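At position 295 of the sequence shown the residue is numbered 294 (numbering that gives the first Met the number 0), and the sequence of numbers has no breaks. All residues carry an ideal CB built from backbone N, CA and C; glycine is no exception. Remember, predicted model here, so these are calculated numbers, not experimental data. To start, the structure under review is shown below, and the notes come after it.
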Amino acid sequence: MLRASALFIVIVISFLLASITSGIVYYTFYYKIQVANQRLYSKLTHNLNSGIAYALYLPESQSVVEKTIDLYGEENDKVIIRSSVWGVFNMASVSVTDKNVTLSKSFLYGYAPDKESNAAICLSNSDRGLRLSGKTSIVGTCYLPQGVVKTESVDGYLYQGPAKLIDGEIIKSTDTEISVSSSIIKLAEGLLNFNFQASAAETEKEEDVVKDSLIHSFAEPVLYINYNDERLRQLTYLEGNIIVFSNKHINLNKHLKIKDAIVVAPSVRFPDGYQGTLQAICSDSIVVESNVVLDYPSALLLIKKNIANANPKIQLKEKSSLKGIIFAYSKELNDFKVYVDLRKESFVMGQVYSTGSIDCKGVVHGGLICKTILLKTNTSINENYLLNTTIDVKKRSVYYTGSNLLPAKNKKRIIKYL
C-alpha cells in the first residue's frame, strides 16, 4: 500500500513537472514569436515612415507613377511608392512588405501658400484703386492697382470699418499675370473631356460595398462611377479613390455624403444643407446653395471650356462654408465673365482665385486673387468695391496647406492620411 502511494505521488509530481516544463517551453516559444513579430512590425513601421519621407522629396509627376526604392541598398528593405495628382492636390500611397506582412499608408499632400497666395487681396493692375464701404475689414498684405485704397459711399453705406483701412502692407499691382499650374489645369480638362485612363478600375470590389456605403481604397486604381448609375442611388456614403462623373448637370443627392472623392460634370449643384469633403471639377457652373458645409480639404474648380458660355460661375450662397480652394479659370486672359460670387454670410477658409472677377460679400479667412472685384447691388455694379466684407489672411489656419495650382512654396506638406 505504501509503495502504491509513493508511486502515485511520483506520477503526480512527474505530471506536474512535465506540465510546468511544457508550459515554460510553450511560453518561451510564444515569447520568441511575439518578439520576432514585434521586431518585424517595428522594422516595417520604420521603413514605412522612411518611405513617406522619401515620397515627399520625389520630383512632382503629373501622371500615376510607381517607384520601388531600396532604402539601404541591401535588397532587404524595399518600399513601393505610388503617386498621382488628385484634383488640385496630390496623393501618394506607400507600402512595405517583409515575410508576407505588408504595411501601407496613403495620404493627400499639397504646398504652403506663397507670395500672392499669402496676400489678403491681389488685384490686376488698372486705373481703379480699391474702394471700401460699410463695415469692411481687411487684414494682410494687399496688391492693389496704383497701390491705392480709399473709402467711398455705395448705395447709402458709408465706411464704418477700422481707422486703418488695410492692416498690412500695400504693394502696387503689376501687369504680370499670376502664374498657375498649367499641368493641373490640363489634367482637369482631361477629366472634363472624360479622358479616363484605360487601366482604371471599372467596377467596385465586393468588399468595397458595406450596406449603403462604398469605400474604395487609395491603394487601388481609381474607380469611375457614372452619376446616373443605379448603384449610386442606393448609397448614402461614398469615400476614397473614386471619381463620380456625368456628361450632364449633376444635382447632388443631399443624403449622399462624399468624402475625399472627385465629382466631374459640366455643372454641379450642392443642395441646401449638404455636407461633405470633396472636389468638384466643372466647365459651366458650380452652385452651392445655403447652409452647405464643405470641409477641408475641399475644392471647387471651374475650367471654362466653351467660349460661347456667357455666364461661367462659382456661387457660394448665404450661410454656406468651404474650407479649401475656389478656382475659376479661363484661357482667355481678358475674359471677365468668369465669376466667383460669395454671398452675404458665406464663409471661406483658404484661397479664392478667378481669372475674371469676384463679388465678395461674405467672410474670407485667406485671400482673393482676381482681375477685379465686382460689387453687384440692387441698384449698381461697381468695380473694385468692397461692402460689408471681412478678409483676414492671418486668421487662416497656420496648418493650412493648399495646392501648387497657385503660387506656393516648393515644399510638400501632408494634408491628411487617407
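Quick one, which of the options has its alpha-carbon nearest residue i's?
i	options	result
Val286	Tyr338, Lys330 and Ser116	Tyr338
Ser132	Asn387, Leu373 and Lys415	Asn387
Leu261	Gln37, Phe88 and Leu39	Per the sequence shown, the amino acid found at residue 261 is Ile instead of Leu. It is Phe88.
Leu315	Lys304, Leu255, Arg342 and Val292	Arg342
Leu129	Tyr108, Pro112 and Val153	Val153
Thr235	His254, His248, Val363 and Ile242	His254
Ile183	Gly109, Lys258, Tyr416 and Lys360	Gly109
Ser345	Asp358, Leu122, Ser353 and Lys336	Asp358
Ile368	Arg395, Thr389, Ile325 and Lys336	Ile325
Ile414	Ala91, Ile80, Gln33 and Pro58	Ala91
Thr173	Val93, Leu122, Leu213 and Gly365	Leu122
Asn225	Gln350, Ala264 and Asn99	Ala264
Trp85	Phe217, Ile177 and Ser103	Phe217
Ile257	Ile68, Glu317, Leu321 and Gln274	Gln274
Thr276	Asn48, Ser125, Leu299 and Tyr398	Leu299
Give the secondary structure of residue i by DSSP, where H, G and I count as helix, E and B as strand, and everything else as coil.
i	result
Leu15	helix
Ala111	strand
His215	strand
His254	coil
Asn403	coil
His421	A query on residue 421 cannot be resolved here, the shown segment of the chain reaching from 0 to 417 and no further.
Pro161	coil
Ala119	coil
Leu57	coil
Arg268	strand
Thr20	helix
Lys322	strand
Ser49	helix
Thr376	coil
Ala200	Residue placement at Ala200 cannot be trusted, given a pLDDT of 46 that sits under 50; the coordinates are not used to answer.
Thr44	helix
Gly167	coil
Lys312	strand
Lys415	strand
Glu205	Residue placement at Glu205 cannot be trusted, given a pLDDT of 49 that sits under 50; what the coordinates show is reported in the next sentence. The answer is helix: DSSP assigns Glu205 an H, G or I state.
Leu367	strand
Ile10	helix
Val392	helix
Lys98	coil
Gly155	coil
Lys31	helix
Gly146	helix
Glu331	coil
Kindly indicate the opening and closing residues of the alpha helix (DSSP H) around residue i.
i	result
Glu238	Element bounds for Glu238: not the alpha helix (DSSP H) but the beta strand (DSSP E), Tyr236 to Gly239.
Gly189	Ser181 to Leu191
Arg232	Glu229 to Arg232
Assign residue i to buried or exposed, taking buried as 16 or more other Cβ atoms, counted over all protein chains shown, within 10 Å of its Cβ.
i	result
Ser356	buried
Thr400	buried
Phe193	exposed
Gln504	Outside the shown range of the chain, which is 0 to 417, sits residue 504, and nothing can be said about it.
Asn46	buried
Tyr189	With the sequence shown as reference, residue 189 is identified as Gly, and Tyr is not the correct amino acid for it. The residue in question, Gly189, is exposed, as its Cβ has fewer than 16 Cβ neighbours within 10 Å.
Ala197	Legend: pLDDT at Ala197 = 39, less than 50; position of this residue unreliable, value from coordinates given subsequently. Exposed, since its Cβ has fewer than 16 Cβ neighbours within 10 Å.
Tyr71	exposed
Pro58	exposed
Ala162	exposed
Thr175	exposed
Lys393	exposed
Asp228	exposed
Gly139	buried
Val24	exposed
Ile8	exposed
Gln37	exposed
Gln350	buried
Leu321	buried
Gly155	exposed
Glu238	buried
Start and end of the beta strand (DSSP E) containing residue i?
i	result
Asn381	Ile380 to Glu382
Pro296	Val292 to Ile302
Val84	Lys77 to Trp85
Tyr142	Cys141 to Leu143
Val286	Ser284 to Val287
Ser136	Ser136 to Val138
Leu131	Leu129 to Ser132
Tyr338	Tyr338 to Leu341
Gly275	Gln274 to Cys281
Kindly indicate if chain D contains any beta-carbon less than 8 Å away from that of residue i.
i	result
Leu55	Annotation note: the requested chain D is absent from the structure, which comprises a single protein chain.
* To do: Answer yes if the stretch 288-308 comes into contact with the stretch 265-277, meaning at least three C-beta pairs across the two stretches below 8 Å, and no otherwise.
  => yes
* To do: Tell me, please, whether the stretch 106-122 touches the stretch 406-416 by the rule of three or more beta-carbon pairs shorter than 8 Å.
  => yes
* So, do the stretch 40-54 and the stretch 370-389 have three or more beta carbon pairs nearer to each other than 8 Å? -> In short, these stretches do not touch, since the Cβ pair count stays below three.
* Sufficient close CB pairs (3 or more, under 8 Å) joining the stretch 226-245 to the stretch 290-304 -> Touching, no.
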